[in-house]
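Engineer: Chains A and B are the protein sequences, given in the same order. Quick note on numbering: the first sequence equals residues 1 to 239 in this note's numbering. Quick note on numbering: the second sequence equals residues 240 to 478 in this note's numbering.
2 protein chains.
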Amino acid sequence: MNTKDSAEQHSQWKMQVFERFMQILKAPYGDFQAIWNLANAINDEAGFRRTVELLSAHPLAKNAIQNRLLLGAIDLQQLHALPQETLGYAYSDHLLRNGLTPIQSQIVEDEYDYLIVHLTEVHDIWHVVINADISMAGETKLQAFVAAQLRASRFSFAMLAKNLLKTTVEDLDLAEQLMDALTEGWRIGKQAQPLFGVQWNTLWDIPLIDLQAKWNVLPSTISESIAESLSNKCVAASS
Amino acid sequence: MNTKDSAEQHSQWKMQVFERFMQILKAPYGDFQAIWNLANAINDEAGFRRTVELLSAHPLAKNAIQNRLLLGAIDLQQLHALPQETLGYAYSDHLLRNGLTPIQSQIVEDEYDYLIVHLTEVHDIWHVVINADISMAGETKLQAFVAAQLRASRFSFAMLAKNLLKTTVEDLDLAEQLMDALTEGWRIGKQAQPLFGVQWNTLWDIPLIDLQAKWNVLPSTISESIAESLSNKCVAASS
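1) At least one CB of chain A closer than 8 Å to the CB of PHE260 (chain B): is that the case?
2) Assuming LEU334 (chain B) and THR340 (chain B) form a contact by the criterion Cβ under 8 Å, report the distance between their Cβ atoms to the nearest whole angstrom.
3) Starting from the beta carbon of ALA158 (chain A), find every residue of chain B whose beta carbon is closer than 7 Å, and list them in chain order.
4) With 9 Å as the limit, tell me which residues of the stretch 134-147 of chain A have their beta carbon closer than that to any beta carbon of chain B; keep them in chain order.
5) Going by DSSP in three states, PRO298 (chain B) sits in which element: helix, strand or coil?
6) Hey, could you find the ends of the alpha helix (DSSP H) TRP275 (chain B) is sitting in?
7) Given a cut-off of 8 Å, decide if ALA158 (chain A) and PHE271 (chain A) are closer than it, judged by their beta-carbon atoms.
8) Could you tell me which chain A residues have their CB closer than 7 Å to the CB of ALA431 (chain B), listed as they occur along the chain?
9) Considering only residues of the stretch 319-364 of chain B, which uninterrupted alpha helix (DSSP H) runs meet the minimum length of 4 residues and lie entirely inside it, listed in chain order?
10) Among A:LEU115, A:GLN104, A:SER92 and A:TYR112, which residue has its Cα nearest to the Cα of VAL129 (chain A)?
11) Is there a Cβ from chain B that is less than 8 Å from the Cβ of ARG154 (chain A)?
12) Quick check on TRP36 (chain A): buried or exposed, where buried means 16 or more other Cβ atoms within 10 Å of its Cβ?
13) Since THR422 (chain B) is in the alpha helix (DSSP H), which residue starts that stretch and which ends it?
14) Taking the alpha helix (DSSP H) that VAL256 (chain B) falls in, what are its first and last residues?
15) How do the stretch 436-445 of chain B and the stretch 311-327 of chain B stand: do at least 3 beta-carbon pairs fall below 8 Å, yes or no?
16) With a threshold of 16 other CB atoms inside 10 Å of the CB of PHE145 (chain A), please say whether the residue is buried or exposed.
17) Keeping to the same chain, check which residues put their C-beta closer than 6 Å to that of LYS155 (chain A); ignore five residues upstream and five downstream.
18) Are the CB atoms of ALA161 (chain A) and ALA400 (chain B) nearer to each other than 8 Å?
19) What are the partner residues of PRO207 (chain A), as DSSP defines its beta bridges?
20) With a cut-off of 8 Å on the beta carbons, I'd call VAL356 (chain B) and VAL347 (chain B) a contact; round off their distance for me.
21) Assuming LYS215 (chain B) contacts LEU421 (chain B) under a Cβ cut-off of 8 Å, what Cβ separation, rounded to an integer in Å, is found between them?
22) Any idea what DSSP makes of GLY47 (chain A), helix, strand or coil?
23) Suppose the cutoff is 8 Å on Cβ atoms and the five residues either side in sequence are ignored; what does the same chain contact list for VAL235 (chain A) look like?
24) Does the beta-carbon distance from ASN201 (chain A) to GLY99 (chain A) come in below 8 Å?
25) With a CB to CB cut of under 6 Å and the five nearest residues on each side skipped, what residues in its chain are close to GLN106 (chain A)?
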C-alpha cells in the first residue's frame, strides 16, 4: 500500500494509479497481473483504514476482523451431496459447473491481509448469493455489490470504471447490460445486510432462498407476487 | 468521428480513446477541451449510427431528427415571470441561480451535428426535469440518465467511467454519493419515456410535476420498500 504524506507524494500516487489503470485497459480481460498491479497502487493506507472503520461498525465484521476468521478447507463433493436448495449445493454446483476450485486459505499477517483473503475466499459464495454469473456483466454486478458493501474501496470503484470503459470501447452492444448489472449490484449491496465476516461454513445446509431473504439480497426484478409468497414464507417461518 | 474500416484502425482508435481518457483524468474537473478531445475520439460512426437508429424507433425523436427541430431563442426573464410550479420558472430559476445562460442555437449541417446540438440545448432542462444539481454527483446523475436514454453513446459511458475513477482517486468520501447518483440517473433514464426531441419550448407553462409524471421521471422507491418490508419480516423470522 502507498502512504500519502505530502501533496507531492499524493500527486505521484495519483499518476501511478492512472498509469496502472491505463495498463489494465490495454491488457486482455482477466489479466490478473494488471489487476494486481492496480490493486497494489490504488489500495492506499487511508482508504484501507476507512474501509476497516466502516466494516467494524458491524459486530459480525468487527468480530471476524479481530479474530481473523477464515472459512478453512471446503469439500466440494460433500457440499454437492447436500439437497439442491441449500447454499452448499448451490455454491459447489457453481464452482463445479465453471471449473473453479475454492481458494486455499492463505497466511494472514495483518488486517490488510485478512481483508483481502476473506474477500477472496467469499468471492464465489457472494456470486451465488446475489445470483451473479461469471460473465463480464456478472463480475461487474458482484464488483458493484462489493463496492457498496465496503463503501470506501478505491479498488472496487476503479474496477467498475475499468469494466465500464473497456466494454464501452471494445463491445458497445454489452454496455447497457453492464450498466444494468452495475446498478443492480450497487442497489443490492446497499440494501443488503453487511455480509463481510459471515461464517458461511456454518450455513451450507440452509436453503439459499432463506439466506437471500434474511440478508436482503433480492433481485430488483422480483415480481410482487414472488415477493409476497417469499414474504408469507418468512412470516410462516416466524409464527 | 473516426471510422473503423480495419482491425488495425480499430486498434489505433482504441488506443487514441484510452489516451484521451488519460488526458481527461489528469485535467482539472470541467476542462472542456479535454472533454471535447475525448468526444471527438470516442464518438465513432458505428456508435453514432446505432444511437440514431435506437432513437428513431420513437416517433418524437424520429420527427425531431428528420426535421432537425431546435428550441430557438429563450428569454429567461420572461420564463422567470411564469408561476413557480411551471417548467419555465423552474428552468429559468435553475439557470439564474447558477449563473448559467441558455445555449445559443448553432449551425446544424448533418444528423451528427443535430444530435450534439439538441442534447446540448436540452442539457439544463433535463437537469431540472430529473432533479439533478450541478455538483459532480448531479452531473453524473444526468450523464447516467443521458446514457440510459441514448443507450449506445460511447461518450456518455466513458464520462461516467471518468467521473467514477476521478472521484475515487481524488475524493474518496464522495465516491459512494457519486455511485448513488449514477445508479439513480441510470434507473430513471431507463424507466422514463424517451425525452430526445421533446419540444420543451411548447411546455414552459406546464407544471413541472405534471411533466415529470407524464414522462415517468419521478423518483420511485417501490422496489426498495417491498424489499425492506420483506427483509424486516424475514429478519424477524430468523431471530
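Beta carbons are placed, not taken as given, at the ideal position from N, Cα and C, and that holds for glycine. These numbers come from a predicted model, not from an experiment.
Structural biologist: The structure says:
1) Yes - at least one Cβ of chain A is within 8 Å of the one on PHE260 (chain B).
2) 7 Å
3) LEU404 and THR407
4) Residues of the stretch 134-147 of chain A whose Cβ lies closer than 9 Å to any Cβ of chain B, in chain order: ALA144 and ALA147.
5) helix
6) Where TRP275 (chain B) is concerned, the enclosing alpha helix (DSSP H) stretches over 271-281.
7) The structure shown has nothing for residue 271 (chain A), since chain A only spans 1 to 239.
8) Near ALA431 (chain B) there are no residues of chain A at all, since even the closest Cβ is about 15 Å away, more than 7 Å.
9) 326-336
10) A:SER92
11) yes
12) exposed
13) 414-430
14) Segment 246-265, the alpha helix (DSSP H) holding VAL256 (chain B).
15) yes
16) buried
17) It is Phe, not Lys, that sits at residue 155 (chain A) in the sequence shown. Around PHE155 (chain A): ALA39, ILE42 and ASN43.
18) yes
19) A:THR86
20) 5 Å
21) Outside the displayed range of chain B (240 to 478) lies residue 215 (chain B), so it cannot be described from this structure.
22) helix
23) Per-residue confidence for VAL235 (chain A) stands at a pLDDT of 45, beneath the threshold of 50, marking its modelled position as unreliable; the derived number appears in the next sentence. So no residue of the chain qualifies.
24) The answer is no: Cβ separation not under 8 Å.
25) VAL117
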